[in-house]
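Here the structure comes first, spelled out in structure tokens, and everything after it is commentary.
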Amino acid sequence: MMKQALHIFRKDLRCLRVELGLFLALAALFTVTGALYGAGVILAVGAIYLTSRLIHAEPIPGTGQFWITRPYRWQSLLIAKLLFMAVCIDMPIGAARFILLAREEYPLAASLPALLWSQLLLFAAALPVVALAAVTSGTMEFSLAALGVAVAYLMALFVTPYTVRFQLWPVSVEWFRDALAFSLLTALAAALLFWQYRERRTGLSRIFGVASVGGSAVLYLLLPISAGFVAQTWLSRADVPPLQVAPDLTKRTGMRPQTNQDVADRLVRVPVDLTITGMPAGVETAADAVSVKLEWPDGRKWRGSAGLSGLESAPRRVSVRASIAIPNDLFQRIREPARMRGSLYLTLFGDARSRTIPVSSYPVNALDGLQCNTEPFNTYFCRAFFGWPSRLVYAKYGEVQSEFTRLVSYSPFPSGPDLDATAARYTTLGSTGAAVVTIITKKPLAHFRRDFDFAGVSLADFIGPGAALPPR
Amino acid sequence: MIPNAIHCEDLSKSYGGVRAVDHLRLEVPAGAIYGLVGPNGAGKTTAIKMLMNIVRPDAGHATVLGCDSRQIGPEQFTRIGYVSENQHMPDWMTVGYLMSYLKPFYPRWDDARADELLRQFDLPLDRKLKNLSRGMWMKASLASSLAYRPDLLVLDEPFSGLDPLVREDLIQGILDSADETTILCSSHDLAEIETLASHIGYMERGILRFSEEMDTLTARFRVVEVTVGTAALMPGNGRWPARWTRPEIAPSLVRFVDSMYDAERTDLDIRELFEGVTGVAAHPMPLKAIFLTMARSASPKGGR
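Protein chains in written order, with the numbering used here: chain A, 1 to 472; chain B, 473 to 776.
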């Protein structure tokens, strides 16, 4: 089987030498420009075109193909095509990115796992393209089908309710939705390919393909955000000490400002601050999400997720500033005691690592794939080739420690399938005049959930006695 | 008993409600050169595609070289050659590369035979298939299907649109392989099939009207001319034999086609039906005339 696959592979090399030459030229261009000037998009289009030509060298649909009455083994044919993609499409892209990494002076050995993982994902991301080519008989039909998919996507967006369409997932767990939809789509594409090459039942394969794309899109659009937190918590195996969650009635800072969406939906935003005690020492906490369920004695209920607007840490204790948006009619009952239940999703960061590097206007490698340099106006800039690391990152300059961002992904994967995933963040350094800066990173140690159940709580207690009530 | 290379039982296929092949029962004996003839749209190509497992039958069953046609795959195709006017060849390949590319697929590939075929068909090794004339293209296709000495060669309208010289070359190439290969050749061109076939089947509107050995077929069809002394009259009261078709009456002469000709019996029947018979002459018919006779007999307006 492998011998025949290699034979077909060599034939494809010869058949597609012109297209391959053009693609390699695009990859070379990419090494010069990076993703600038659309080179990344052009390279992707080139890869898709080459994939289409490759598969259509032995088209699957139809009854007049040369190869179907020759002793081709379908397994050999499929392996030959995948081998060509790995060697002639994936590897040149990998080489181009490796050259980019070297040119940008990233640490190559440390970057290799992320590069290899990204290349693997790129290969998987190509499977839906291969599947589309396998159910079309030529480049024109393939292009029209791709256009059809794009139009269907736009139409689906048009008919999908606004709230669903723009369900913004938190950066921390967005990877879960992406990974799930990506895995589903590529797994279905792989299944379709396997079946189509074996059976050549194009009509059924096309139906399966449309259902796969539709199913993956529905999953992507409708997956509830809570699923991300549940999965993230489930995946975290770390032991967490017992913590106590209680209403934080010490702030009582009044009503919270309404968001534009609150105004549009005629909702009122009230605080539901929480305090967590019993935190382990030496860790940093991030509150990821809070879900709240309110039940009044007369049976009236409300449930929803809370917005998070800050977190205050004290030794072994943190306070989470959260708020919920409730309808006006419920707001009239905020003085009535209710049962308040819910869940709080937290992440603990720790295991700090650091590296001191010279303060320079030229990028200097720090750690965890970060490369940092100074920018004008006291700005300090860090970037990472494969996306911002799943870490809290700080720059300590003299005695001043600045944070880059708390919006980090908890993805366990070192990279994604993007051709260009370079992510950059800024912070401000003080003006101590020191010649070095210490970059500190803290990794997520545990993701966990704590449920709470408070009886006889009135929302007015969170707001405070002096707070002005909004108009009815 | 010689086994059949191809055996079909009630093979049927419809496209959008139109029955392309209707309960086809076909047997191609091993070693035969079987000509499957019929007008365009008769269902010959669909039948062949079902035999080659290119399309799936709606009903029925077929075996090809002892293998269920639905199971025909790479292993069987090392022993089957398929040449079709509708096949898409890898046109970017040169003739030479086509042959060298295909060689590793076939355990029985014979280099000497391949060279011989290339010489015989006068094929330019360095020319791309897309730059070949239709005739040369068909020769390349045939050469690439004969070089591994297949047990079965299936040809779907191989002569369509070719000039006489090319046809002659192709026929010679096919005949040269006939000793070791069973051949099934479909065509709507009877003249070529006549020079080739040892067996013949006639398909029309998806139905195989008949299938038999060529010698038997040509032997049983005769144009019979009966000369009578007086003005000839058609015998009435259902006495006209069903095997006599296309009668023509002229003064003193009756002409018809006998589809089951037997000199003795035909002569006897003639003398029973006609008075004053002065002469009986039976002439062999070319295949084309036989088919025209059969086609007209089968049509609602045909026959007597």
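Here a beta-carbon is modelled for each residue, glycine too, at the ideal position from N, C-alpha and C.
Residue environment, residue i, which counts as buried when at least 16 other CB atoms sit within 10 Å
i, result
"W74 (chain A)", "buried"
"L3 (chain A)", "One point to set straight first is that residue 3 (chain A) is Lys, not Leu, in the sequence displayed. It counts as exposed."
"Q65 (chain A)", "buried"
"E629 (chain B)", "buried"
"W609 (chain B)", "buried"
"R639 (chain B)", "buried"
"R776 (chain B)", "Note on R776 (chain B): pLDDT 40, under 50, position unreliable in the model; the coordinate value appears next. So R776 (chain B) counts as exposed."
"H755 (chain B)", "exposed"
"K773 (chain B)", "For K773 (chain B), the predicted structure reports a pLDDT of 47, less than 50, and the residue's modelled location is therefore unreliable. The matter cannot be settled from this model."
"M1 (chain A)", "exposed"
"L16 (chain A)", "buried"
"T69 (chain A)", "buried"
"V473 (chain A)", "Examination of residue 473 (chain A) is not possible in this model, given that chain A is present from 1 through 472 alone."
"K81 (chain A)", "buried"
"A455 (chain A)", "exposed"
"L589 (chain B)", "buried"
"Y426 (chain A)", "exposed"
"D12 (chain A)", "buried"
"R391 (chain A)", "buried"
"Y345 (chain A)", "buried"
"E557 (chain B)", "buried"
C-beta atoms of residue i and residue j nearer than 8 angstroms
i, j, result
"E525 (chain B)", "P501 (chain B)", "Reading off the sequence shown, one finds Asn at residue 525 (chain B), where the question assumed Glu. No, these two residues do not count as a Cβ contact at 8 angstroms."
"A663 (chain B)", "K760 (chain B)", "yes"
"M571 (chain B)", "A584 (chain B)", "no"
"P71 (chain A)", "F763 (chain B)", "no"
"A263 (chain A)", "A287 (chain A)", "The identity of residue 263 (chain A) in the sequence shown is Val, whereas the question assumes Ala. No, the pair does not count as a contact, with Cβ atoms beyond the cut-off."
"T441 (chain A)", "V393 (chain A)", "yes"
"I276 (chain A)", "V318 (chain A)", "yes"
"A650 (chain B)", "I552 (chain B)", "no"
"L483 (chain B)", "A534 (chain B)", "yes"
"G369 (chain A)", "F386 (chain A)", "yes"
"G507 (chain B)", "G678 (chain B)", "no"
"P529 (chain B)", "M522 (chain B)", "yes"
"T285 (chain A)", "L348 (chain A)", "yes"
"S305 (chain A)", "V290 (chain A)", "yes"
"L496 (chain B)", "G538 (chain B)", "no"
"S458 (chain A)", "I326 (chain A)", "no"
Nonlocal neighbours in the same chain, by C-beta distance under 8 angstroms from residue i, ignoring five residues either side
i, result
"L249 (chain A)", "D273, D461, F462"
"L26 (chain A)", "A39, I42, L43, G46"
"L193 (chain A)", "L78, L127, V130, A131, A134"
"M757 (chain B)", "T690, F693, R694, V695, V729, T765"
"T667 (chain B)", "I643"
"A366 (chain A)", "R355, I357, C372, C382, I439"
"D563 (chain B)", "K600, L601, K602"
"A352 (chain A)", "I440, T441, K442"
Own chain partners of residue i with C-beta closer than 7 angstroms, once the 5 adjacent residues on each side are dropped
i, result
"L498 (chain B)", "I478, C480, G673, L680, S683"
"L100 (chain A)", "T31, G34"
"R715 (chain B)", "D730, S731, M732"
"D90 (chain A)", "Q119, L122, F123"
"A238 (chain A)", "L445, A446"
"A435 (chain A)", "P358, V359"
"L24 (chain A)", "P92"
"Y220 (chain A)", "R177, A181"
Cβ distance (whole Å) where residue i is taken to contact residue j below 8 angstroms
i, j, result
"A424 (chain A)", "F381 (chain A)", "6 angstroms"
"K611 (chain B)", "L595 (chain B)", "6 angstroms"
"T233 (chain A)", "F448 (chain A)", "6 angstroms"
"V173 (chain A)", "Y410 (chain A)", "6 angstroms"
"S343 (chain A)", "D451 (chain A)", "5 angstroms"
"R177 (chain A)", "G94 (chain A)", "That belief does not hold up - the Cβ atoms of R177 (chain A) and G94 (chain A) are roughly 27 angstroms apart, past 8 angstroms."
"F593 (chain B)", "A615 (chain B)", "6 angstroms"
Neighbourhood of residue i by C-beta, 6 angstroms cutoff - its chain only, sequence neighbours within 5 removed
i, result
"R256 (chain A)", "R269, P271, S323"
"A620 (chain B)", "The identity of residue 620 (chain B) in the sequence shown is Tyr, whereas the question assumes Ala. Contacts found: Y578, R580, W581."
"K251 (chain A)", "D273"
"S137 (chain A)", "P59, P61, G62"
"I225 (chain A)", "W169"
Neighbour flag for residue i against chain D, beta carbons, 8 angstroms
i, result
"Q559 (chain B)", "Judged by its chain identifiers, the structure shown contains no chain D, and its protein chains are A and B."
Exercise for the section: Note down, one range per segment and in chain order, each beta strand (DSSP E) of at least 3 residues found wholly within the stretch 549-625 of chain B. Expected result: 552-556
Exercise for the section: Can you check the stretch 712-773 of chain B for any alpha helix (DSSP H) of at least 4 residues that lies completely inside it and give the ranges in chain order? Expected result: 735-745, 759-770
Exercise for the section: Let me know the alpha helix (DSSP H) ranges lying completely inside the stretch 617-696 of chain B, each 4 residues or longer, listed in chain order. Expected result: 636-649, 662-668, 686-692
Exercise for the section: Can you check the stretch 220-283 of chain A for any beta strand (DSSP E) of at least 3 residues that lies completely inside it and give the ranges in chain order? Expected result: 244-247, 267-271, 274-277
Exercise for the section: Could you name each continuous beta strand (DSSP E) segment of 3 residues or more that falls completely within the stretch 493-543 of chain B, going from the start of the chain to the end? Expected result: 505-509, 531-536
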